[in-house]
Each structure stands twice: as C-alpha cells, then as structure tokens.
Amino acid sequence: FNLAVGAALAAKLRGSDQVAVCFFGDGASNRGTFHEAINMAAAWKLPVVFVCENNQWASTTPYRTTTSVENIADRAIGYGIPGVVVNGNDVFAVYEAARAAVQRARSGGGPTLLEAKTYRIKGHFVGDPELYRTREEVQERFENDDPLKNFRQQVLAANQLTEKDFADIETQVKEELAAALAYAKESPFPGPEELFQDLYVEGGEALCGK
Numbered sequence: 007f008n009l010a011v012g013a014a015l016a017a018k019l020r021g022s023d024q025v026a027v028c029f030f031g032d033g034a035s036n037r038g039t040f041h042e043a044i045n046m047a048a049a050w051k052l053p054v055v056f057v058c059e060n061n062q063w064a065s066t067t068p069y070r071t072t073t074s075v076e077n078i079a080d081r082a083i084g085y086g087i088p089g090v091v092v093n094g095n096d097v098f099a100v101y102e103a104a105r106a107a108v109q110r111a112r113s114g115g116g117p118t119l120l121e122a123k124t125y126r127i128k129g130h131f132v133g134d135p136e137l138y139r140t141r142e143e144v145q146e147r148f149e150n151d152d153p154l155k156n157f158r159q160q161v162l163a164a165n166q167l168t169e170k171d172f173a174d175i176e177t178q179v180k181e182e183l184a185a186a187l188a189y190a191k192e193s194p195f196p197g198p199e200e201l202f203q204d205l206y207v208e209g210g211e212a213l214c215g216k
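Structure, rendered in structure tokens:
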C-alpha cells in the first residue's frame, strides 16, 4: 500500500499523468497499512487506484467472518472517496470501472477504491488441503463463472472475434511460451557478482530533483 501511495505522490510532484495501481486481496484490507495509505492518498488527492481482488477467502477464512461491511468498497466512504463494486469475472465491467477510476485520478480527483468480486479457484498455497470448503462449491464456481469462458462467450456473441481468431491467439501464445521456456533453459545461471546490481544509485547521483 505504502509503495503505491509513494509512487502516486512522486507522480503528482513531477506533474506527470502517471497513475499508481495497488492490487490486494480482501484479507489485506484489514491491515492497518491499508487504512493509513488510503487515508493519506485521499487527503492529498493522489493519483492512485486501490484494487481489491475479493476472492471471498482470506487464506482459509471467509472474508465475511473478519470484515464487518458487506463490501470492501463500502469502506471508501470513511475517507471521502468513491467505492466501486464490480463483477471481477466480467472483463468488460472491470475495464470500464478501471478506466473511470484512472480518469478520475489523472484529472486530479484523487483515489478510488475498486472492489472486483471474484472467487479463488485454487488453494491459498501449494499443497493446501482446502478443508474449509467443498470440492462441489469450487467446481460449481469454476464451471459457471469462469472469467475466461465468460469473456469468450461475450466476444463471440458480439461478433468481435471468431473461433478461428481464438484458435490463432492460442497458437501464438503457446509458441511464445515455448520460446520463452527454451530461452530460459538455454540461458546460464546469473553469477554471484550480479547479486547487488541495480539495488543502489551509483556514482553518488542525487535523487532529489531528478
């Protein structure tokens, strides 16, 4: 949170049109740093968009058992900024909501708290036994509310792309992945001398005013 607010402050001081975007989960919205950062961003009208990916589970805990409000975005009212709830599984809905938030930030209106409601299909970590929910629940959400499947159906229904277009895209992506994997396997491991590269400013260059 603080890194995003710092980047937004830097953009505002430079007078650029850059907008910082901070992604986090529903569980992280209960941290103190979330409230500190969003309060400062609101007070200074910084160009930052806070995007909560509410996947309904904070580790192994349903978010409603640890959060008093129905929507994470409802917390925005306490800081005098817009709180927007959007279907996180609808690509076009997320795009429109994000575009409005970015435009508001660029115009000097300050931050927006955007909550994208979705569902976590995989476990929280590798080897998660997922004893806190049923396999039927996960399968039902995966089959009926998969954002990739929804996007494909929407685009096909609007005649924006064809099945051949999707097939071509999938072929292109597979080729790019294969090339990237081959490059990684053929590349040497980095040497120990690279460990501290690009960590500090070299030559005593001053940060202020640059």
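Using the numbering used here, you'd call the opening residue of the sequence shown number 7 and step up by one each time. Glycine residues also receive a C-beta, built at the ideal position from the N, C-alpha and C atoms. If you're wondering where the values come from, they're calculated on a predicted model, not measured in any experiment.
Near residue i, which residues of its chain fall below 8 Å by C-beta distance, leaving aside the five closest residues on each side in sequence?
{"i": "E59", "result": "F29, F30, G31, D32, G94, A122, T124"}
{"i": "G86", "result": "A48"}
{"i": "E169", "result": "L162"}
{"i": "N45", "result": "Y85"}
Identify, in the order they occur along the chain, each residue of the same chain with its Cβ nearer than 6 Å to the Cβ of residue i, setting aside the five sequence neighbours on each side.
{"i": "V92", "result": "A99, V100, A103, A122"}
Taking the alpha helix (DSSP H) that residue i falls in, what are its first and last residues?
{"i": "L162", "result": "153–163"}
{"i": "F30", "result": "Segment 26–31 is the beta strand (DSSP E) holding F30; no alpha helix (DSSP H) there."}
{"i": "V179", "result": "169–192"}
{"i": "V132", "result": "Here V132 belongs to no alpha helix (DSSP H), and DSSP marks it neither H nor E."}
Measure how close the beta-carbons of residue i and residue j come, nearest whole angstrom, since I'm counting them as under 8 Å.
{"i": "V25", "j": "P53", "result": "5 Å"}
{"i": "K51", "j": "G114", "result": "6 Å"}
{"i": "R147", "j": "I127", "result": "7 Å"}
For the beta strand (DSSP E) holding residue i, just list the boundary residues, first then last.
{"i": "T118", "result": "118–123"}
{"i": "V97", "result": "Premise fails: V97 lies in the alpha helix (DSSP H), 97–112, not in any beta strand (DSSP E)."}
Which word fits residue i, buried or exposed, when buried means at least 16 other C-beta atoms lie within 10 angstroms of its C-beta?
{"i": "F40", "result": "buried"}
{"i": "A111", "result": "buried"}
{"i": "A82", "result": "buried"}
{"i": "P117", "result": "buried"}
Excluding the 5 residues preceding and the 5 following residue i in the sequence, name in chain order all residues of the same chain whose CB lies nearer than 7 Å to its CB.
{"i": "I78", "result": "D32, S35, C58, N60, E121"}
{"i": "D171", "result": "none"}
{"i": "L167", "result": "V161"}
Next item on the list: Any chance you could list the alpha helix (DSSP H) runs of at least 4 consecutive residues sitting entirely within the stretch 14–87, in chain order?
Entry: For the alpha helix (DSSP H) assignment, the uninterrupted runs of no fewer than 4 residues enclosed by the stretch 14–87 are, from N- to C-terminal side, 38–49.
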